[in-house]
Amino acid sequence: MTDATPAETGQTADDAPAAAAPAAAPAPASGPGSLTRPLARIILWTASLGALIAAGVAVIAGAAAGWHGVVLLCGIAAAALLVLYALAAGEAAGRALRGNEPSPPSLAEAALEAAPDPMLISARTGRTLWANAAYRDLAKASGLSAGFGAPGPERLFSGESAAGVYRLARAGARGEPGCETLTVVQPGVEGAAFYACDVSPMSTGAVLWRFSRVQGDDSLDPPAPPEWAEYAPVGLCLADGEGRVLAANATLRDWLGVAADKALRIRDILAPDSARAFLKSQGAKTVISIAARLKGRGGVDVPVGLSVEWADAAPACARVVVHDSASVLVAHHGEGQVPALSPSSAGRTLDDMFATAPFGVARLDGEDPQDAVIEDANPALVQLSGGQALPGRRFADLFRFTDGETPAMVFARALAGRGDPSEARLACGEGEKAVQVFLAPAREGQRSAYVMDVSGWKELEQQIDQAGKMQAIGQLASGVAHDFNNMLTVVKFHLGELLARHPVGDPDYQDLQQIRSVSARQAGLVRKLLAFSRKQTFRMTVFDLSDVLSDCSHMLNQILEESVRLEIRHGRDLPLVRADRVQIDNILVNLATNARDAMKAQGGGVLTITTESVDADAVRKAGAPDPAEGPWAAIHVSDTGCGMDEATRAKIFEPFFTTRAAEGGSGLGLSTVYGIIKQSGGFLFVDSRPGKGATFHIYLPGHTPSEDEVEEIAAERAAAEIKPEPRDQAGHGRILFVEDEEMVRTVAAKTLRRKGYEVIEACDGEEALEILEAEPESFDLLLSDVVMPGLSGPKMLEQARHLLGEARIVFISGYAEEEFSDTLSSDLEISFLPKPFEIQDLAERVKQELALGRARAETGAS
18 MTDATPAETG
28 QTADDAPAAA
38 APAAAPAPAS
48 GPGSLTRPLA
58 RIILWTASLG
68 ALIAAGVAVI
78 AGAAAGWHGV
88 VLLCGIAAAA
98 LLVLYALAAG
108 EAAGRALRGN
118 EPSPPSLAEA
128 ALEAAPDPML
138 ISARTGRTLW
148 ANAAYRDLAK
158 ASGLSAGFGA
168 PGPERLFSGE
178 SAAGVYRLAR
188 AGARGEPGCE
198 TLTVVQPGVE
208 GAAFYACDVS
218 PMSTGAVLWR
228 FSRVQGDDSL
238 DPPAPPEWAE
248 YAPVGLCLAD
258 GEGRVLAANA
268 TLRDWLGVAA
278 DKALRIRDIL
288 APDSARAFLK
298 SQGAKTVISI
308 AARLKGRGGV
318 DVPVGLSVEW
328 ADAAPACARV
338 VVHDSASVLV
348 AHHGEGQVPA
358 LSPSSAGRTL
368 DDMFATAPFG
378 VARLDGEDPQ
388 DAVIEDANPA
398 LVQLSGGQAL
408 PGRRFADLFR
418 FTDGETPAMV
428 FARALAGRGD
438 PSEARLACGE
448 GEKAVQVFLA
458 PAREGQRSAY
468 VMDVSGWKEL
478 EQQIDQAGKM
488 QAIGQLASGV
498 AHDFNNMLTV
508 VKFHLGELLA
518 RHPVGDPDYQ
528 DLQQIRSVSA
538 RQAGLVRKLL
548 AFSRKQTFRM
558 TVFDLSDVLS
568 DCSHMLNQIL
578 EESVRLEIRH
588 GRDLPLVRAD
598 RVQIDNILVN
608 LATNARDAMK
618 AQGGGVLTIT
628 TESVDADAVR
638 KAGAPDPAEG
648 PWAAIHVSDT
658 GCGMDEATRA
668 KIFEPFFTTR
678 AAEGGSGLGL
688 STVYGIIKQS
698 GGFLFVDSRP
708 GKGATFHIYL
718 PGHTPSEDEV
728 EEIAAERAAA
738 EIKPEPRDQA
748 GHGRILFVED
758 EEMVRTVAAK
768 TLRRKGYEVI
778 EACDGEEALE
788 ILEAEPESFD
798 LLLSDVVMPG
808 LSGPKMLEQA
818 RHLLGEARIV
828 FISGYAEEEF
838 SDTLSSDLEI
848 SFLPKPFEIQ
858 DLAERVKQEL
868 ALGRARAETG
878 AS
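Take 18 as the starting number for the sequence shown in my numbering and just add one per residue.
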């Protein structure tokens, strides 16, 4: 036998005295041998002394004694020498024999090492001090490595037996004996092995663990039941603490429909919740009743009552009576007709509710939740904590405390009856979850804790908050854009008049051109704000994306620098899309500009624009929440730039976010793209990694044009072909001008009058409607703002359509609701002029519309 060193067993210096207990010095031996050894020494020394005296007398006084005396003295000396030799030889032999005999401590340690049952010695703190060969073999068979010492029972008997090991360890730490039935699962072995484990405190302060195999031991088999019990009118069975049915009478097996030699477990005869309730009743001191459901013949669950009595012995064993046989007999003989559960038998035990609760529940051993340890936890809490909520662990260790919070603060709010539940962060593996913690009042030194997962609620709250912020920003942006467009329109009107009076060569011409350039730049910023707030006015048309890319390629090449190469790859069988073609051009320009800037730092690269036809499944896999079924058109814009990290990628669609230097951009480019695509009913996603470039994926729903849409498209193309190009801006005609902004209305009306038109002004929709009712069909053109207080432009048009006759309609606005975009897309006879615009733009549009109206009238008359 090889003795285990302290390093091998993992013992510390403090534990060494307990480990050395088997090798303590024995008490002095007693018996016959202890009496004969002193007498032999006396005879030895007496014979030695006699031999010396006889020899001395023979030498000194030999002449006086004569030859007879000399012979006598020599004989005495010789005899004494023989006795001395014999005694010395016997002593040497005795010492040799005594040296080969083992000491009592060595015999005790050898006996423990050779014991067939696993044994373990641990400190009261739980540290493993020593283990015999049987325990080490059991650990090795269970797939556990000894490492620096034998594994502790908490590692060997884990899973279902963790609570039992915790109770044994707690009993050993208190210096009390304990007994439990534990289960161990070995790799490659079918089923589990059962061990009866008892702990005993030792006089040295250590704890002795003894494990006895109970499975397959004939001595543990219960005696055969008598005949009266075998066929009793109730079901009878004997079960252990691990749920094994050790015996069952014929009545119960007949109800279950199983053979007499079939091995059973409690979970085989009871429904899962009932089986858990039975196992939870272990340790009860009196007979308890459980409302359960029996797995009858054909898999039909039948309500029954259980009377359970646990024997006060080790291993744990329970006598079970299954009654309410009337219901069982109905299920057995009534062709599967199972009666409904009565209110008296339909309830569940508290332990059953604990095990099946959909939220985390823990029993804490201790009144203070900061120091209390988990005595038991339901499966929901174990799963919620990633397997960390195990018996014996501190409850406070399950949480992560941040933002200056302490366990005392969190648990103080969680105490029942003290206000709202406490919010905390529950550690689950490498991540964490938002939870709410409730603590029940302490009873007899114990407390119940309830943990509810609210991470989904928190994510929803964040999304709602973000959506509210974005909506508020959008409303603010659209309102600012509306007012700013009106002011820019007035600036451009006056700027046009100044430029007419200060032509090229005038000293003020360059300054006026600079003002014009700044106005155009601010007008572009307003358009971006409207696109972000999704309040742009769209003219939805049906077109092919391949035509858009072909027409836009020349403009993209002008935007890109010479170091950037543009590649366009057209897909086959692309579906038609219904969107604003101008806005699709803006999307491509924005993305190309961002790609150019991203590739500028590395000296250039390649910008690739690819189109393809995809289905709804591909859009769904890309991340779309619920795409419409049918064909989709995809545009993939890829660059070979510097790419983006995850933090940047998460913010690129936010307004005013930019990675450029100061004055390098407004931060509205990608938010504009996002707003346009969303307003067009599509989706936008981005893939990017640092150093790997970026790819933007645009998905637009395919559209099949109806017959009416085909006719409208043809009419628009025909009108464009016959539309005359005005040679000058002068003209004649009667115009009703509706605008709520007085500065815009005054300047525009004044300019149009100078061009030769008769202009009637109205400050809102109600006044315009009154004018039309007073003078029906008297106007050649209706020029109206869209958004006005009271009656809006589109609403006024609906009520005054019959009063306009053949008059042309032009709407002007920099802000419009989505409903107006639908009106503009469905009625191609309506023209739209977005603000801000210059005076010549207004004059040209008015003359074009009046000329188109006269051409239509002449065509209709002929």
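All C-beta atoms in this analysis are idealised placements derived from N, C-alpha and C, irrespective of residue type, glycine included. A quick note: this is a predicted structure, and the numbers were derived from the prediction, not measured.
Using alpha carbons as the reference points, say which of the options lies closest to residue i.
i: residue 707; options: 660, 257 and 764; result: 660
i: residue 254; options: 326, 222, 591 and 190; result: 326
i: residue 468; options: 805, 378 and 416; result: 378
i: residue 212; options: 223, 146, 303 and 136; result: 136
i: residue 628; options: 471, 586 and 606; result: 586
i: residue 470; options: 463, 458 and 438; result: 438
i: residue 570; options: 589, 609 and 539; result: 609
i: residue 386; options: 395, 398, 432 and 373; result: 432
i: residue 226; options: 414, 720, 827 and 174; result: 174
i: residue 428; options: 409, 466, 391 and 451; result: 466
i: residue 846; options: 761, 285 and 799; result: 799
i: residue 277; options: 714, 457, 533 and 247; result: 247
i: residue 147; options: 224, 417, 201 and 210; result: 224
i: residue 510; options: 420, 284 and 767; result: 767
i: residue 870; options: 815, 773, 289 and 749; result: 749
i: residue 619; options: 710, 306 and 69; result: 710
i: residue 617; options: 578, 626 and 645; result: 578
i: residue 714; options: 791, 625, 769 and 151; result: 625
i: residue 602; options: 567, 187, 622 and 266; result: 567
i: residue 760; options: 504, 613 and 776; result: 504
i: residue 460; options: 304, 269, 217 and 384; result: 384
Which residues does DSSP list as the beta-bridge partners of residue i?
i: residue 469; result: 453
i: residue 390; result: 382 and 411
i: residue 639; result: None, per the DSSP bridge assignment.
i: residue 195; result: 216
i: residue 417; result: 442
May I ask you to report which of helix, strand or coil DSSP gives residue i?
i: residue 720; result: coil
i: residue 440; result: strand
i: residue 212; result: strand
i: residue 873; result: helix
i: residue 669; result: coil
i: residue 654; result: strand
i: residue 308; result: strand
i: residue 428; result: helix
i: residue 125; result: helix
i: residue 863; result: helix
i: residue 868; result: helix
i: residue 797; result: coil
i: residue 334; result: strand
Using a threshold of 7 Å, state whether the C-beta atoms of residue i and residue j are closer than that.
i: residue 615; j: residue 662; result: no
i: residue 196; j: residue 257; result: no
i: residue 596; j: residue 688; result: no
i: residue 794; j: residue 513; result: no
i: residue 753; j: residue 796; result: yes
i: residue 591; j: residue 630; result: yes
i: residue 574; j: residue 562; result: no
i: residue 604; j: residue 690; result: yes
i: residue 866; j: residue 827; result: yes
i: residue 717; j: residue 650; result: yes
i: residue 502; j: residue 852; result: yes
i: residue 783; j: residue 820; result: no
i: residue 390; j: residue 409; result: yes
i: residue 647; j: residue 588; result: no
i: residue 180; j: residue 393; result: yes
i: residue 319; j: residue 313; result: yes
i: residue 337; j: residue 323; result: yes
Between residue i and the ligand GTP, is there a pair consisting of the residue's CB and a ligand heavy atom that are separated by less than 6 Å?
i: residue 578; result: As presented, the structure is devoid of all ligands, the ligand GTP included, so that no description of it is given.
Item to check | Contiguous beta strand (DSSP E) assignments of at least 3 residues, all confined to the segment 229-303 | outcome: 252-257 and 261-265
Checklist entry - Taking only runs of the alpha helix (DSSP H) that begin and end inside the segment 559-630, which ones reach a length of at least 4 residues, in chain order? => result 562-576 and 598-617
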